[in-house]
Amino acid sequence: MTYRTNVRYNGMDLGLFFMQSVVLRARLESALGERIPSPFTDLDTRIPEIVPTGIVPVDALTGGLPRGAITEIFGPPSSGRTRAMLSILAEATGRDEVCALVDGNDAFDPASGIAADLDLKRLLWVRCHKLEQALKTTDLLLQGGGFGRVVMDLTDLSLSYLRSVPLASWFRFQRAIEKTPTVLVVMTPESMVKSAAALVLRLEMRGTDWSTLLNAMDVNLEILRSRRTRPSISKFEFRISK
């Protein structure tokens, strides 16, 4: 079963709450118990610097996601971004890593995660309703450490709010995870993280394969930035199957 924080933030003094991060960590560890390893313990430092996304053509070209850095994946609705996110989380939990999903607008569907082979026992799902909550929650998780991958899903939030996030906030996240095994993936409708990201990928749907249900979609992927690897090409098309 998935652990859901019982802190909804509504009506709370967020500043005071996040100052009490030690208390929250203790509650999380107590609630998680023995079901998964403590999310606030160090991961094996021998873990490779680049880890796969679980999408074979993407990994073949980019090498995967850089640890200790931010990866931004953005695109419009129906561009394959949700399937990419589920693949990234499923790949990590399949290797027994503890992951966190900061759900910016409470849009995650656990059934879709199960269908994508995501191990919900190794996923901390934090359900947010405001951008400020998502940013502060992510800050706390990164400062605490111990997660293999932290995914911020901001795709359903208002563009005007997302554009108001200062670049300094993204650099703060980058500094929090550098020299750690954590991968921070930021999912957005358009590029927001800019130069704070080590890897920036843009998705765009090219077509779909239907019977009575959606079987697959053809996606264009463009690599806008890659600091850790040097791909031979920067733009290509691949298929995401159901």
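Numbering (the working numbering), first residue to last: 63 to 304.
Positions of the beta carbon are idealized from the N, C-alpha and C atoms, including for glycine.
Cutoff 7 Å; reference residue i; Cβ partners in own chain excluding five residues on either side
i	result
Gly137	Arg143, Arg264, Leu265 and Glu266
Ser140	Met267
Gly126	Ile112, Val113, Pro114 and Thr115
Pro251	Phe136, Pro138, Thr217 and Leu221
Heavy atom of the ligand ATP within 8 Å of residue i beta-carbon
i	result
Glu111	Annotation note on the ligand ATP: not contained in the displayed structure, which lists no ligands.
Residue span of the alpha helix (DSSP H) that contains residue i, given as start and end
i	result
Asp179	Taken as a continuous stretch (DSSP letters only), Asp179 belongs to no alpha helix (DSSP H), as it is neither H nor E.
Thr320	For residue 320 there is no data in the structure shown, the boundaries of the chain being 63 and 304.
Thr133	Here Thr133 belongs to no alpha helix (DSSP H); instead the beta strand (DSSP E) covers Ala131 to Phe136.
Arg157	It is not in any alpha helix (DSSP H) - Arg157 carries neither H nor E in the DSSP assignment.
Ile121	According to the sequence as given, residue 121 is Asp; it is not Ile. Run containing Asp121: Val118 to Thr124, per the alpha helix (DSSP H) assignment.
Helix, strand or coil at residue i [DSSP, three-state]
i	result
Val227	coil
Ala169	coil
Met254	coil
Ser288	strand
Ala260	coil
Leu148	helix
Leu163	strand
Leu219	coil
Residue i: first and last residue of the uninterrupted beta strand (DSSP E) it sits in
i	result
Asp215	Arg211 to Asp215
Cβ-based neighbour list, residue i, same chain, cut-off 8 Å, excluding 5 preceding and 5 following
i	result
Cys161	Leu151, Ala154, Thr155, Arg184, Leu185, Leu186, Phe209, Gly210, Arg211, Val212 and Val213
Phe233	Ala258
Whole-number beta carbon distance between residue j and residue i, since they are thought to touch under 8 Å
i	j	result
Ala196	Val248	So it is not a contact: roughly 10 Å between Cβ atoms.
Ala260	Ala131	4 Å
Val120	Val245	That belief does not hold up - the Cβ atoms of Val120 and Val245 are roughly 14 Å apart, past 8 Å.
Thr200	Phe170	Not really, about 15 Å apart at Cβ, beyond 8 Å.
Residue burial classification, residue i (beta-carbon count within 10 angstroms, cutoff 16)
i	result
Arg268	exposed
Val118	exposed
Asp158	exposed
Arg289	exposed
Ser149	buried
Arg237	exposed
Lys307	Limits of the chain in this structure are 63 at one end and 304 at the other, which puts residue 307 out of reach.
Pro243	buried
Asp181	buried
Glu240	exposed
Ala146	buried
Own chain residues within Cβ distance below 6 Å of residue i, not counting five before or after
i	result
Gly166	Cys190, Ala196, Asp215, Leu216 and Leu219
Asn282	Glu266, Arg268 and Glu299
Leu193	Leu219 and Tyr223
Glu111	Arg129
Met254	Leu224
Val262	Glu134, Leu286 and Arg287
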